[in-house]
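Have a look at the structure below, then the notes.
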Amino acid sequence: MSTNSGPNRILSAPDSHKIAEGLFLSAVTHWEEFCQALLVLDIATQAGGKLRKEVRAFRTTNAPQRLAELLVTHIDHPNGFHDWSDFLRVCARADAFLPSGHRFAPPPPAPPATQPAQKTALATAVVDDLVMFKRIRNAIAHKTDKAWESFMSLARGAPFNLQPAQRKGITPGRFLVSQQWSGSVAIHHALTTLETASKTLVP
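If you read the sequence shown in our numbering, its first letter stands for residue 929, the second for the next number, and so on.
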């Protein structure tokens, strides 16, 4: 995409920015759907989970799946809606419904350590990136002052540290195609991180 954008090329800069926003939003949305699908599947199938412990017999083949979906979509948040973009909350829900050692849980500590090196199955740096992805996603999907200020705060802060002149005219799409993030272009880093996270949960 970047090689085909610019003066005298197929895509203008605004075109590439919009395409980057679309790709990013699609990738993050699929990640959220992926986490939800995995949690529903595990609740429906794992014998040690709460659903299988409390319900001994099902009348229909798809009953475990339907009940698991009802469990994870039940409104239990003060905001009155489910937010699958918060990975720590997904892990907390997994802890509530699944036996220990589930796919979202941290790996066992390596001796001589007695505590896991991370809070979830994903490395702490990846979880931190997911939080920042959410802020970029919200700036694309929600045209609100709160979402925009959160995005601009991200651009001003580490590791980007964009100065006022650099933030002039910035959009999420322009940010994604122009900024370096952990040694690669931001959009590439985001897509690679989500792919790696998915393979961690489903090796």
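Ideal Cβ placement from N, Cα and C applies to all residues, glycine included.
Nonlocal neighbours in the same chain, by C-beta distance under 6 Å from residue i, ignoring five residues either side
i            : result
lysine 1127  : none
serine 1110  : His1117
alanine 1075 : Asn1066 and Ala1067
Extent of the continuous alpha helix (DSSP H) run through residue i
i                 : result
asparagine 1066   : 1052-1069
phenylalanine 962 : 941-973
serine 1106       : 1100-1106
valine 1000       : 991-1001
alanine 1086      : No alpha helix (DSSP H) holds alanine 1086; DSSP gives it neither H nor E.
Beta carbon of residue i nearer than 8 Å to that of residue j
i               : j                  : result
isoleucine 1115 : leucine 1104       : yes
leucine 995     : valine 983         : yes
leucine 1026    : glycine 977        : yes
isoleucine 1068 : leucine 953        : yes
alanine 1022    : leucine 1058       : no
valine 1055     : phenylalanine 1032 : no
proline 1039    : isoleucine 1064    : no
leucine 1129    : alanine 955        : no
Reduced DSSP category for residue i - H, G, I as helix; E, B as strand; rest coil
i                  : result
serine 890         : No information on residue 890 is available, as it lies outside the stretch 929 to 1131 that the chain covers here.
valine 1113        : strand
valine 983         : coil
phenylalanine 1025 : helix
lysine 978         : helix
proline 1092       : helix
lysine 1127        : helix
threonine 1120     : helix
lysine 1047        : coil
arginine 1031      : coil
alanine 1038       : coil
heavy atom of the ligand GTP below 7 Å from residue i C-beta
i              : result
aspartate 1014 : Here there are no bound small molecules, and the ligand GTP is not part of this structure.
CB contact below 8 Å: residue i versus chain E
i            : result
alanine 1086 : Here chain E cannot be found, since the structure has a single protein chain.
Neighbourhood of residue i by C-beta, 7 Å cutoff - its chain only, sequence neighbours within 5 removed
i            : result
alanine 1083 : Leu1090, Arg1095, Ile1098 and Phe1103
Same chain, Cβ closer than 8 Å to residue i, neighbours up to 5 away in sequence not counted
i           : result
leucine 979 : Ile971, Ala972, Pro992, Leu995, Ala996, Leu999 and Phe1025
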